[in-house]
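J.: With the first letter of the sequence shown counted as 1, position 128 gets the number 341 in this note's numbering; the numbers rise by one all the way through. Quick reminder that beta carbons are idealized off the backbone N, C-alpha and C, glycines included. Here the structure is a predicted model, which means the values were calculated and not measured. Dropping the structure in here first, questions after.
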Amino acid sequence: MILDILKYPDKRLRTIAQPVVSVNSDIKKQVKDMFETMYDAPGIGLAATQVNFHQRIIVIDISEDCNQPFCLINPEIIEKSGEIEWEEGCLSVPNYYENVKRANKIKVCALNEHGNTFDIEANEMLAICIQHEMDHLNGILFVDHLSKLKQKRLQKKAEKQDKKL
Ligand code: GNR
Ligand code: NI
214 MILDILKYPD
224 KRLRTIAQPV
234 VSVNSDIKKQ
244 VKDMFETMYD
254 APGIGLAATQ
264 VNFHQRIIVI
274 DISEDCNQPF
284 CLINPEIIEK
294 SGEIEWEEGC
304 LSVPNYYENV
314 KRANKIKVCA
324 LNEHGNTFDI
334 EANEMLAICI
344 QHEMDHLNGI
354 LFVDHLSKLK
364 QKRLQKKAEK
374 QDKKL
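As structure tokens, this is what we get:
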């Protein structure tokens, strides 16, 4: 089932997601729906917050052929280093792209869709994507990393867009 994606400046994007208590059939269905929604959008990642489900779930597939899906439940960054700047976009902030600086290399611990713990080391695009998605689970958008001036301009643009609809 394809889910609706919340759009900036929807306040629900500011919700802090709760940890998943048990990776049960409801959570597995949510993961499945999130993959479907991400591929349909299309995007390289999706956080549960974006589909108004406020538990700590992320799905990602940064591969060209869309054949390397993986899911992170209750992810925690255990190490990070270096810096990388990349032009980011977000399915919740359509038609807006800006450079953001993040850690270039991270080590993350999470549960997979079977409820088993795993570690993953990521760098560059994958590291950027994981950090972007983990921000969503904390109610943070990539635009929050920009200057106040850029945020004001975006807000104006979003208000104009709202009037047209
Ligand atoms: O599809 C997406 N592309 C992207 C490009 C640069 C940095 C981050 C991303 S994530 C984004 C999908 C999305 O909004 N996930 O929350
Ligand atoms: Ni996003």
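1. Could you name each continuous beta strand (DSSP E) segment of 3 residues or more that falls completely within the segment 242–291, going from the start of the chain to the end?
2. Can you tell me the Cβ-Cβ gap for Ala-254 and Leu-350, rounded? I've got them flagged as a contact below 8 Å.
3. Whole angstroms is fine: what's the gap from Gly-352's alpha carbon to Met-338's?
4. Kindly indicate which residue of Asp-246, Ala-316, Gly-328, Tyr-310 has the alpha-carbon position closest to the one of Arg-366.
5. Just curious, the alpha helix (DSSP H) that Lys-220 is in, first and last residue?
6. Whole angstroms is fine: what's the gap from Asp-375's alpha carbon to Gly-328's?
7. Taking any heavy atom of the ligand NI as the mark, which residues have a C-beta closer than 6 Å to it, listed down the chain?
8. Give a single yes or no on whether Ala-261 has its beta carbon closer than 8 Å to a heavy atom of the ligand GNR.
9. Measuring CA to CA, which of Lys-224, Asp-217, Ser-238, Arg-225 is closest to Thr-250?
10. Which two residues bound the contiguous alpha helix (DSSP H) that contains Ala-371?
11. Pair every Cβ in the segment 315–328 with every Cβ in the segment 281–299, then say whether three or more of these pairs are closer than 8 Å.
12. Please state whether DSSP places Ile-319 in a helix, a strand or coil.
13. Rounded to the nearest angstrom, what separates Thr-228 and Ile-297 at their Cα positions?
T.: Put simply:
1. 258–260, 270–273
2. The residue you call residue 254 lines up with position 41 of the sequence shown. The residue you call residue 350 lines up with position 137 of the sequence shown. Between Leu-350 and Ala-254 the Cβ distance is about 18 Å, and since that is not below 8 Å, they are no contact.
3. As a first step, residue 352 is located in the sequence shown; it is residue number 139 there, counting from the start. As a first step, residue 338 is located in the sequence shown; it is residue number 125 there, counting from the start. C-alpha separation (whole angstroms): 21 Å.
4. As a working mapping, residue 366 is identified with position 153 in the sequence shown. Out of Asp-246, Ala-316, Gly-328, Tyr-310, Tyr-310 has the C-alpha closest to the C-alpha of Arg-366.
5. Position 7 of the sequence shown, counted from the start, is the residue given in the question as residue 220. Premise fails: Lys-220 is in no alpha helix (DSSP H) and is neither H nor E.
6. As a working mapping, residue 375 is identified with position 162 in the sequence shown. As a working mapping, residue 328 is identified with position 115 in the sequence shown. Going by the C-alpha atoms only, they are around 41 Å apart.
7. Cys-303, Leu-304, Ser-305, His-345, His-349
8. As a first step, residue 261 is located in the sequence shown; it is residue number 48 there, counting from the start. Not under cutoff, so the answer is no.
9. Against the sequence shown, residue 250 aligns to sequence position 37. When only C-alpha atoms are compared, the closest one is Asp-217.
10. Against the sequence shown, residue 371 aligns to sequence position 158. Its alpha helix (DSSP H) spans residues 361–377.
11. yes
12. Walking along the sequence shown from the start, residue 319 turns up at place 106. Of the three classes helix, strand and coil, the one that applies to Ile-319 here is strand, per DSSP.
13. Locating residue 228 in the sequence shown gives position 15, counting from the first residue. Locating residue 297 in the sequence shown gives position 84, counting from the first residue. Cα to Cα, Thr-228 sits roughly 27 Å from Ile-297.
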